[in-house]
Each structure stands twice: as structure tokens, then as C-alpha cells.
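Visitor: All residue numbers for the sequence shown refer to the numbering used here, where the first residue is 21 and numbers rise by one.
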Amino acid sequence: MHRADLAKQAIGAMSNLGREGIPLLVDIMNTSPQPELQAAAAKGLGQLGGMHGDASVVPQLLVKLSDPKTDWSVLTEVAWALGKIPDKRSIQPLYDLDKKLAAMRDPENMTLKKLKEAVFWAIKQCDTWDQFS
Numbered sequence: 021m022h023r024a025d026l027a028k029q030a031i032g033a034m035s036n037l038g039r040e041g042i043p044l045l046v047d048i049m050n051t052s053p054q055p056e057l058q059a060a061a062a063k064g065l066g067q068l069g070g071m072h073g074d075a076s077v078v079p080q081l082l083v084k085l086s087d088p089k090t091d092w093s094v095l096t097e098v099a100w101a102l103g104k105i106p107d108k109r110s111i112q113p114l115y116d117l118d119k120k121l122a123a124m125r126d127p128e129n130m131t132l133k134k135l136k137e138a139v140f141w142a143i144k145q146c147d148t149w150d151q152f153s
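1. Using only the alpha-carbon positions, how far apart do L44 and R125 sit?
2. Are L95 and V77 touching if we call contact CB-CB under 8 Å?
3. Considering only their Cβ atoms, is the gap separating T131 from W92 smaller than 8 Å?
4. Output needed for K104: all residues of its chain with C-beta closer than 8 Å, excluding positions within five of it in sequence on either side, in chain order.
5. Skipping 5 residues on each side, what residues in its chain have a beta carbon closer than 8 Å to that of W141?
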């Protein structure tokens, strides 16, 4: 098994720890040189935040979302995570990203397609939730 696969499994285990795993996942998302580990950490944050109704991770996810150097695969997991933790603070940054992505046309690029789907879904979740909060 590759080190990256082992690390992803470890990140998955951290999300089972509960809220105690949040600081470590944030650190991995922000400092790991490997996009796949950053993405796994963002996914874990979405799972934890959604499971516990804990929006404390939203600001960290929004910082990652707005960072122009963030890999698209990481942005995809950040968007999914934001949709799992519906918060009105996420709506405008997601709309801004959606607007940028709408200008990109590359039907063969699956990574871009997945990112667009994640952003669309997250907007729907956050916007719908905001109507009822």
C-alpha cells in the first residue's frame, strides 16, 4: 500500500475521533504538500462538521476555497464539505467560484466537471438551508 493511501486511511480514522480531530485535519488541509491528503482532510472536515452540526470549520474551508493556489481536487472536496455544513457565510464565496468556473469550457476535463458539480450542489445546500434558518 502506498504512503498516500495509508495517510488517507489515517485521515478517515481521525474523522471518527469526533471534534478532537478537527485541528489536525485543518493542519493537514493547509500544510500537506500532497493534494490528495489536503482533499482527504477537507472531506474529513465536512464529515465531522456535518455529523456534529459544527460550523466552526467553515472559515478554514472558505480560506482554502478562496486560495487561488488550491488544487481543483482539493476545491472539490472543500465544496462538498461546505455543502454538508450549510452556512450562509459559504453562499457568496461559492457563487463567486461558480461564476469563475462557468467561464471555463472543457467538456473532457473530468476534474473540472467534478468541481462544477460539487460547487453547484454546495450552493443548493447552503441557499436552501439559509431560507429555513
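Beta carbons: idealized from backbone N, C-alpha and C, even for Gly.
Guide: So, from the listed chains and residues:
1. Position 24 of the sequence shown, counted from the first residue, corresponds to residue 44. Position 105 of the sequence shown, counted from the first residue, corresponds to residue 125. Those two C-alpha atoms are separated by around 36 Å.
2. Position 75 of the sequence shown, counted from the start, is the residue given in the question as residue 95. Position 57 of the sequence shown, counted from the start, is the residue given in the question as residue 77. Taking 8 Å as the Cβ cut-off, L95 and V77 do not qualify as a contacting pair.
3. Taking the sequence shown and counting its residues from 1, the one referred to as residue 92 is at position 72. Taking the sequence shown and counting its residues from 1, the one referred to as residue 131 is at position 111. Contact flag set, yes.
4. Within the sequence shown, the letter at position 84 stands for residue 104. Closer than 8 Å at the Cβ level, and outside the excluded window around K104, lie G66, Q67, G69, G70, Q145.
5. Translated into positions along the sequence shown, residue 141 becomes position 121. A99, W100, G103, listed in sequence order.
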